[in-house]
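Heads up: the structure comes next, in structure tokens.
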Amino acid sequence: MSLENIIVVEKDWSLSTADIERKAKELGYQISIADCDLKTHSGFLPVRHEDIDTGFEYYFLARGSDDLTSLDSHFANYSGCMTVTRGDFHEASVALIFLNSVADLTNGAYLCPNYDILKKPGEVRGYLDNEISACLSEWTKEEQRKSEREARQERRRKEREDASRLIGEDDKPELPDTDKSRGLFSRLFGRKK
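Residues in the sequence shown are numbered from 1 upward in steps of one, following the UniProt record's numbering.
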């Protein structure tokens, strides 16, 4: 399922990726955003966070865009930006860090059409900080489970290798040379001589 998050701004705004990176750092987050024009960029926006490459879909919403007016005709005179994420907690947390920075710089409101959430400009930072914290916590748990799973798989692989070394080549049972030891097609059609 994709999740849309939108920052709506009453006035026209123009931010650079460097502006957003600086604001994110002020808010306590270290992100590095691919340099692009945020008013023309559309689609995947690469971002680096915690020394990991990630990103999200990003779209600029011009004043009077269908994406905004379809939510509410009241937004016809607003502009904004939208991120779209798809179930990955790290991706979601980075998108929310990005939006939190944009909202703080523009005094924007926050919308989540998927869950009918609307936060006024004064409420956005507190709300998004909580959401970011929850997403980062879930991402950390996922990474820990992944690490534990990989460690178990590596341990099993080593156990199998050790077991095969203990058996040795001479100890392996020899398969009898009977019709049953040949493959299905060999038994059906006979062995070529």
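Idealized CB from N, CA, C, for every residue including glycine.
The straight-line gap separating the alpha-carbon atoms of R63 and T140 is approximately 38 Å.
Between the beta-carbon of L105 and that of L15 there is about 6 Å, and that keeps the pair under the 8 Å contact cut. Separation of S2 and G87 (C-alpha to C-alpha, rounded to the nearest whole angstrom) is 7 Å. Inclusion of T83 and E57 in the CB contact set at 8 Å is warranted, their separation being smaller than that value. Three or more beta-carbon pairs separated by less than 8 Å link the stretch 89–103 to the stretch 122–139, which places the two stretches in contact.
In this structure, DSSP gives E10 a state outside helix and strand, which the three-state scheme calls coil.
C36 sits in coil when the DSSP states are folded into three classes, being neither helix nor strand. With contact defined as three or more Cβ pairs closer than 8 Å, the stretch 18–38 and the stretch 47–57 are in contact. Between the alpha carbons of G122 and L61 lies a gap of roughly 21 Å.
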